[in-house]
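4 protein chains.
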Amino acid sequence: MAGSSFGQIFRITTWGESHGRAVGVVVDGLPAGLPFSEADVQKELDRRRPGQSAVSTPRQEKDRVEILSGLFEGLSTGTPVSMLVWNADARSSSYDAIKNTPRPGHADFTYQARYGIRDHRGGGRASARETIGRVAGGALAKLLLARSGIRVAAHVLELGGIRAGPSSFEEVLENVEKTPVRCADLKASEKMLEAVTFAREEGDSIGGIVEILARGVPAGLGEPVFDRLDADLAKAIMSIPAVKGFEIGAGFEAARLRGSEMNDPFRMEAGSVGCARNRAGGVLGGISTGLDLVCRAAVKPTPSISKPQQSVDLLAGKDTEIAIKGRHDPTIPPRMVPVAEAMVALVLADHMLRSGFINTRTLLEERDF
Amino acid sequence: MAGSSFGQIFRITTWGESHGRAVGVVVDGLPAGLPFSEADVQKELDRRRPGQSAVSTPRQEKDRVEILSGLFEGLSTGTPVSMLVWNADARSSSYDAIKNTPRPGHADFTYQARYGIRDHRGGGRASARETIGRVAGGALAKLLLARSGIRVAAHVLELGGIRAGPSSFEEVLENVEKTPVRCADLKASEKMLEAVTFAREEGDSIGGIVEILARGVPAGLGEPVFDRLDADLAKAIMSIPAVKGFEIGAGFEAARLRGSEMNDPFRMEAGSVGCARNRAGGVLGGISTGLDLVCRAAVKPTPSISKPQQSVDLLAGKDTEIAIKGRHDPTIPPRMVPVAEAMVALVLADHMLRSGFINTRTLLEERDF
Amino acid sequence: MAGSSFGQIFRITTWGESHGRAVGVVVDGLPAGLPFSEADVQKELDRRRPGQSAVSTPRQEKDRVEILSGLFEGLSTGTPVSMLVWNADARSSSYDAIKNTPRPGHADFTYQARYGIRDHRGGGRASARETIGRVAGGALAKLLLARSGIRVAAHVLELGGIRAGPSSFEEVLENVEKTPVRCADLKASEKMLEAVTFAREEGDSIGGIVEILARGVPAGLGEPVFDRLDADLAKAIMSIPAVKGFEIGAGFEAARLRGSEMNDPFRMEAGSVGCARNRAGGVLGGISTGLDLVCRAAVKPTPSISKPQQSVDLLAGKDTEIAIKGRHDPTIPPRMVPVAEAMVALVLADHMLRSGFINTRTLLEERDF
Amino acid sequence: MAGSSFGQIFRITTWGESHGRAVGVVVDGLPAGLPFSEADVQKELDRRRPGQSAVSTPRQEKDRVEILSGLFEGLSTGTPVSMLVWNADARSSSYDAIKNTPRPGHADFTYQARYGIRDHRGGGRASARETIGRVAGGALAKLLLARSGIRVAAHVLELGGIRAGPSSFEEVLENVEKTPVRCADLKASEKMLEAVTFAREEGDSIGGIVEILARGVPAGLGEPVFDRLDADLAKAIMSIPAVKGFEIGAGFEAARLRGSEMNDPFRMEAGSVGCARNRAGGVLGGISTGLDLVCRAAVKPTPSISKPQQSVDLLAGKDTEIAIKGRHDPTIPPRMVPVAEAMVALVLADHMLRSGFINTRTLLEERDF
C-alpha cells in the first residue's frame, strides 16, 4: 500500500526509479508566503549529486531540478510543490547480470519476493537516486526552519572505524564541505580518505556513522505518545537506504550509564531553564528540551562490491557467483550527509507546523495580503 | 495534534494517565473471526505489571483488563476492541514535590514547556503505565500473528554493562521468564541481578539493552520507501519511554564492517532462497528476507533515583535540589520485555495486513458465514 | 481496516456496540488549556438520549458520561480524553429473531457479508448508540469553537414531507428544543408531530431533512484539493446512520439555476468583503467565505417498522417474512439534530486547528504556564 | 496542511496550477503486476480534455500524458506511478483583470483569504485542470477494478432543468459518448443542447446533475463507522469543483418516503441474497449490498459568465463590476462525467484493497514470479 509519503502536515511524496525517465517529489503542506527558487533547491542537490569526488560513484548526473508548481512570483502559494530531475546517464545494460541474480546486501531479492516483478536496472526504486526527492523536499524544509532560527547540520563522525574528534556545531557547519569525506575533524578526514581508498582498491567497501545536529529547536516540540520527536527522527533516519541503527544523545552508551550519570541536571540560565549537559540529545519524553538535537545513524558498507560473492540464480533455482560491475560509491556516509540533514529538517518542519510554532495557513501577515 | 495512535490498518489508540481513573486502548482494524478472551490479554499484562519482583517497583496493581467491545461469542467482530484497566494503587501525594520541580531525565519539564499544564502525578501521560494499552493491543496482534506462524520474543541482552551470551530463539522463549531480569542466559542473569541490587542500594539505577526477535516472518513484508519494516520498527521501539537507540541486525557494528563481511550471501536452501548468515537482521531495502528479525533497543537507566539531583523551581525561577521518593524500578529493561514484544507484534500485524498476507476483511471462510 | 476514527488533528475514535458493555470515544488532539467538565458533555448527551418524547424510542438509558483521562484540575491537558457510557437497558432477547433474518433497510446483511460474523443484538456496531461517542466528542469541539466565536445549530427543516418556513440563526437556537420534533418553525412542528403519530400508528415510519448552520466561521477555512471544507462536511454528515444525501447552500437546487442567479455578488460591508446573498452556503472552492455555513442532510425513514416485510432466512437460504419488534424511533431527524451538530463541530474544530486559526500546542498564554 | 492526497491504500496526490508549467499526479499503492500503458490513461484524458465540442471551452490542450515511473515492461511495479501533462495553451494575460477583483462564484476570494497570495492565472490551483490528475489516477483505478468485474459509468441525468428519461447501465455505457452533453437519453440530449446554446448566447450558464453508476461491486465493501463507502463517495464527489450536493439511491427523495417504501425487501435470487429494488443505491450501513451503486452529484452552473457582475476591488477596498472574458464552458456536467467516474473508481479501488478483495502486495501469482 501507499508508503511513499512522509510527514503529517509538511508531507513529501517521492517517486521514480534509478533508470526510469525521472525522479521527483511532491511537497504538500508548505505554508504560503515562503520565498524560494530553484537555486535554493539546486544548492542542496549539488551536495548530494554523484561524480563529485574520489569517494563517490563516477556516474555523471547534472541533477538539475525543475519546479513545476506551487511557486508564484518567488513565493510559495500553499499548494503542492512538484519538483523533478530527469535521469540522464543511465547505463542500464550494466545491470543485465543482476536481473535474476540478487546482489547480496541489496533489495533485489526482497523486492522480487514482495512484488513478483521489479525494475532491476540500477536497483530501481531501491536506488539511492530516490533520495533526490528527499533532498529537494528537505531544502524547502530548511528554508522554512531558518525563519524560526533553526539550523540543521550533519557530518561523518566515523568512517571505516576511524572516529573523528569532537567538533562544535559551528565547526561542523564550517568544515563539513572542506573534504570529500565530509568529516568536521580535518585530521581524521585524511585517515578516513585513506581507508576509503584502501577498501576500494581491494574491491571492497566500508561503513561509518553520520551525526546530525539541530540548533535552535524550541522546547516543547513533539507529540506524545507515538509521534515523539525522537521516534519520528528514528523512522526518518532508518528509512534512508543502508542505515542499520539510530541513536539520540548518549544512545547505546546510555545502556551502560548510571541514572545519576545519564540524567541531565536542570539549572537556570539567564532566566530560562537549561541543562548542565545534554546526554538526552535534546529530547525528554519525546518532546524537545530546547538544547541541541544530537542523533546518529549507523551506516553499513556499500553492498555493491567488485569482490566475487555467493548468490543464487532465481530462474535456475541454484547457487551461483556474482561480481558486481558498474559505478558505485566505495562508502556511503559522505554522500548521506545532505540526505540525513534533509530527513531531520523534514521531521522538524512537520513538527513545527504540528505544534503550532509555525502557522500552517500562511506566513504572510494580514497586512501583506 | 493527535499522536496517540499507532499503525495504519491494525491501529491502536492509547489513553490515560498514571494517576487518572484508568488507562486503556482502542484497537481498530482487527479482522473479524479471531478467537480471543480477556485471559489472552491478561496473560501479557501480568508479565508487564509492577510489584512482581525485586527488580521492579513495589506499586501494587492488579491491572485486570476489561474488554468492552468488539468481542462477540468468543470471536472478534471486526469492530474496535476497547480495553481498559482501572488505576487502583495511586499515591498521588508522593508527587507533590515535583509539581514545580521537574525531575532530571523525566518528561516533567518538556510537557510543561509544550502544554503549559500537565497532570504531574506519577508522571501523568508520560508514565510507563501508558504502555498497558500497548501490551493489551500487542496481545491481540500476537494472536493474529500466531495464526500465520509468526512468533515474537524479547529478552534482556545486556544490563548494567553485563552482556549475555548467545541464545537461540527457542532458548529465549524457554528461559526469559525464569529470572526476574528476563535474560535468557541464566548465568549472566545472576550477575545482572547483583548489579541491579547494588545500584538500588546506592540510590541509583542502571540501563541495558533489550533484544527482540521474530521468527516466521515471510519474505516480502514492508513498504518502500518510508514505511520500511525497519523504519516502522525503529519508530515503534523508539516510542517506548526510556529508549535512546535502535538497531537491526549488525546495527552499529555494521559501521565497522567491510561490505564483504556485512553482505549476507544468498544460497539455495531446500528449494528456497536463504542466506548463509543474518547480519541484515531479516530486512533488506526495508522489506523482510524471511530470516529472523533481530533488533535491539538501548534503554537508559531509570531516571527516578533517590540520590539528590540538581533541578529548578519553575515558580520561583531558581536552582534547587530534588531527591525523588516514591516507588520506582531500579532498572527498566526487564519490565520492558513484554512492551517491546508488543510494539514489534503491532508493527508486524499491521504490515501483514498492509501487504495482504492476512486478509483485512475477515478471517472466516465463506463457508463459515 | 481501521475506519473508526475521524479527523486529522482533532480526531475522535469511537467504539462500542448497542448491547455490549459500553460505548465510548477517545478524543485525541484537543489542545491543552480548555476548561470543561462532565456536565458540558452530559448536556449534549441528554439532547441525544432516547426515551425523551413521543417521537423517540422508549428505551430508557441514562447515558451518564464518565471522563477517564485528559482532564486535570478542570482543564484539558492536551492528552487523549477518553469518555464512556455504560449500556444499561439492553433487552437483547428481542433481537433473537433477526439473528439470521436481516432487516430490510438495516446493516444486518451487509455486516454479515463483510465480516461473516456480527453482534446482531440491537444492530451491534451499526446501532445509533454509536453516535454517543460522536456527540461526546462534538461537545468538546463546540467548547473549543465557542472560544473563537463559532456557534453550530441544527434543526429539522422537513419531516414526512412537511417543510418548515424560514428561520433565522437565532430563531433556530431559540426554538429548536421547544418541541419534540426539533423544528424551529413552531407551526410546522405541530403538523410534523401529527405526521409522526400517524405513521407510527400505521406501523410505519417517516424521513426528513436536517439543516445544520454555523455562524462565526472565519473566511479562509478549508484545504484544497481533497480536504475541502464542504467535502469533509459531506463525509461527516454522510457517515451518520440513515443519511442518504448531503447538500450545501443552494445544493440540488443549484442544478436548476443560471450562473447569474447562483453566483453570490461580492460587495464591501463595513470595510470587509461580504456577499449580497449566500447561495454558496458559506464555501467557495472548498474554502469558507466567512458567511454562515448552511448544509442539509436527507434522512431516510427509520428502517425498523412493525409492518411485515419480505426478507430471507440466511441459514435456510429461503425467503421469509419479518415483523420488527422492539423499541424504535418512528422518525430519525429529531434525534439526529445533536448528532449532526456534533459532526459539523468536529469538522470545524479540526479545520480551525489545521488552518492555524487555533493553536494546536496549547490554549494557555506563555504567562499562564 | 497537506490536503492534496486522496485514498488510504490506493492514494493519489495531485499537483499543478492552470497556468503553471504542468499538472500531474502521483499514484501510490497500485499493486504490482497490472498491465497498463500511456494509451490507457490517454483514452480517459481525451474524454476530459477541453475544446472538443460546442458545450466546452475552446481552450486547445492536447493533454498528452507522460508516465515517468512505476511502469516496467508493461506492468506496474508496485512503486509510485508519476504522470504529468504539460500546460500548453495558457493565455495568462486574459486573467490580469481578476488579479484584484474576485470573480463571484469562484475561489479567487477564498484562496486570497486563506493564503494571502494566489496564482490568479486561470484560477490557479482551483482550476478544473487540476482534475487531469484525478482522471489519470482514475484510469488506473478503472483498470484495476475491471479485473474484478467492476465497471463504472456516469452520464448527465439533468441539464438546465431538463431531466433525462431512465436508462439501463448498458444504455449509459453505449450512449454517453454519442452526444456532446453526455446524456444517455438521446432525445433529452437534444433539448439539453438547446438549453446550453441558449444560455451561452445570453452570456450565462446552466447547471445540472451527473449520475454515477457502478456495477459488479461485491457485497461487503466499506468500513464502519466513518469510512463508509457512501461517506467516502460523498467526499470524493463533493471534492470535485462546482459540486454542491451528493445523494445515493433514493437520496433526498428518501426524506419523503415511508419506511415501508424505502426499505428494499430481501429475497433469494439464484441462491444468493438479493433485493427486490434498490432504493438504498447499493449501500446499507455504509457497506455495499452487491447491487448497483447509484449516486448523483448536483453541479452548479459555470461561475464564469460574460454577463456583468458585482464584485469588489480588493486593493482599493471598494465595490466594482466585473465581466469575465476568456474561454469557458457554458455548462460543467458534460465535462464532469469522466471526472466523476474517476473519483468513484478511486474510492472503489481503495476500498477493494482495504477490504482485502484485491491483494495489496501483488497481482502476480507466485508461479509468475
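Residue numbers (the working numbering), protein chains in the order written: chain A, 1 to 369; chain B, 370 to 738; chain C, 739 to 1107; chain D, 1108 to 1476. C-beta: ideal position from N, C-alpha, C; glycine also.
- Do you know offhand how far C/Ala781's Cα is from C/Val761's? The sequence given here has Lys at residue 781 of chain C, not Ala. C/Lys781 and C/Val761: Cα-Cα distance of roughly 17 Å.
- Item | Contacts of B/Arg433 in chain C (Cβ-Cβ under 9 Å) | Simply none; closest approach about 14 Å.
- Contacting residues, own chain, Cβ-Cβ under 6 Å from B/Gly389 (five flanking each side not counted): none
- Task: Report the residues of the segment 1218 to 1244 of chain D with a CB closer than 7 Å to any CB of chain C, ordered along the chain.
- Result: Tyr1218, Ala1220, Arg1221, Arg1232, Ala1233 and Glu1237
- Measure from the C-beta of C/Pro818 to each C-beta in chain B and report whether the shortest distance is under 8 Å. Taking Cβ atoms only, chain B reaches closer than 8 Å to C/Pro818, which makes this a yes.
- Establish whether the CB of D/Ser1183 and some CB of chain B are separated by less than 8 Å. no
- Item | Alpha carbon of D/Gly1123 to alpha carbon of A/Leu68, nearest angstrom | 7 Å
- Query: How is C/His844 classed by DSSP in three states: helix, strand or coil?
  - Reply: Coil, per DSSP.
- Task: Mind listing the chain D neighbours of C/Ile1025? Cutoff is C-beta to C-beta under 8 Å, in chain order.
- Result: The answer, in chain order, is Ala1214, Thr1217, Tyr1218, Ala1220 and Arg1221.
- Message: Less than 7 Å between C-beta atoms, sequence neighbours within five positions excluded: which residues of the same chain meet that for B/Val434?
- Response: Residues Glu407, Val410, Gln411, Leu414, Met452, Val454 and Ala505 of the same chain have their beta carbon placed closer than 7 Å to that of B/Val434, with the five preceding and five following residues left out of the count.
- Message: From the DSSP secondary-structure annotation, give me the bridge partner or partners of D/Phe1113.
- Response: D/Ile1119
- Message: Using the three-state DSSP reduction, which class does D/Arg1254 fall into: helix, strand or coil?
- Response: coil
- Query: Does the beta-carbon of C/Ser1010 have 16 or more other beta-carbons within 10 angstroms, so that it is buried, or is it exposed?
  - Reply: It counts as exposed.
- Item | Min CB distance C/Phe810 to chain B below 8 Å | yes
- By how many angstroms is the C-alpha of C/Arg885 removed from the C-alpha of C/Glu909? 22 Å
- Query: In the segment 513 to 530 of chain B, which residues sit with their C-beta less than 8 Å from some C-beta in chain C, listed in chain order?
  - Reply: none
- Query: Relative to the alpha-carbon of C/Val819, which residue among B/Asp719, B/Arg494 and B/Glu638 has its alpha-carbon at the smallest distance?
  - Reply: B/Arg494
- Query: Can you name, in chain order, every residue of its own chain whose Cβ lies under 6 Å from the Cβ of C/Ile870, other than the five neighbours on each side?
  - Reply: Val761 and Val823
- Item | Enclosing alpha helix (DSSP H) for D/Val1279 [first to last residue] | Phe1276 to Asn1282
- Item | Nearest-angstrom Cα separation, counted from C/Arg994 out to A/Phe36 | 45 Å
- Message: Since A/Asp230 and A/Gly286 should fall inside the 8 Å C-beta cutoff, what is the C-beta to C-beta distance between them, to a whole number of angstroms?
- Response: Correct: roughly 6 Å between the Cβ atoms.
- Query: Does the beta carbon of D/Gly1140 come closer than 8 Å to any beta carbon on chain A?
  - Reply: yes
- Sort out for me which residues DSSP pairs B/Asn691 with in a bridge. Checking the sequence, you will find Ile at residue 691 of chain B rather than Asn. DSSP lists B/Gln678 as partners of B/Ile691.
- Query: Per DSSP, A/Asp28 forms a beta bridge with which residues?
  - Reply: Paired residue(s): A/Arg11.
- Message: If I follow the unbroken beta strand (DSSP E) through A/Leu213, where does it start and stop?
- Response: Segment Gly208 to Arg215, the beta strand (DSSP E) holding A/Leu213.
- Task: Helix, strand or coil for C/Val1032, going by three-state DSSP, please let me know.
- Result: strand
- Message: With DSSP as the reference, identify every bridge partner of D/Gly1381, one or two as the case may be.
- Response: D/Arg1374
- Query: Where does A/His351 sit, in a helix, a strand or coil, going by DSSP?
  - Reply: helix
- Message: At the level of alpha carbons, what is the spacing between C/Asp942 and C/Ala972?
- Response: 28 Å
- How is C/Leu1084 classed by DSSP in three states: helix, strand or coil? Correct three-state label for C/Leu1084: helix.
- Rounded C-alpha distance that separates D/Lys1249 from C/Ala988: 32 Å
- Residue closest to C/Ala902, alpha-carbon to alpha-carbon, out of C/Thr935, C/Thr752, C/Gly946 and C/Gly861: C/Gly946
- Query: Cα separation between A/Val156 and A/Phe246?
  - Reply: Cα atoms of A/Val156 and A/Phe246: separation of roughly 14 Å, rounded to the nearest angstrom.
- Give the straight-line distance between the Cα atoms of B/Arg597 and C/Ala952, rounded to the nearest whole angstrom. 43 Å
- Would you kindly work out how many angstroms separate the C-alpha atoms of B/Asp682 and C/Thr815, rounded to a whole number? 21 Å
- Query: alpha helix (DSSP H) containing B/Phe405: first to last residue?
  - Reply: For B/Phe405, there is no enclosing alpha helix (DSSP H), since its DSSP letter is neither H nor E.
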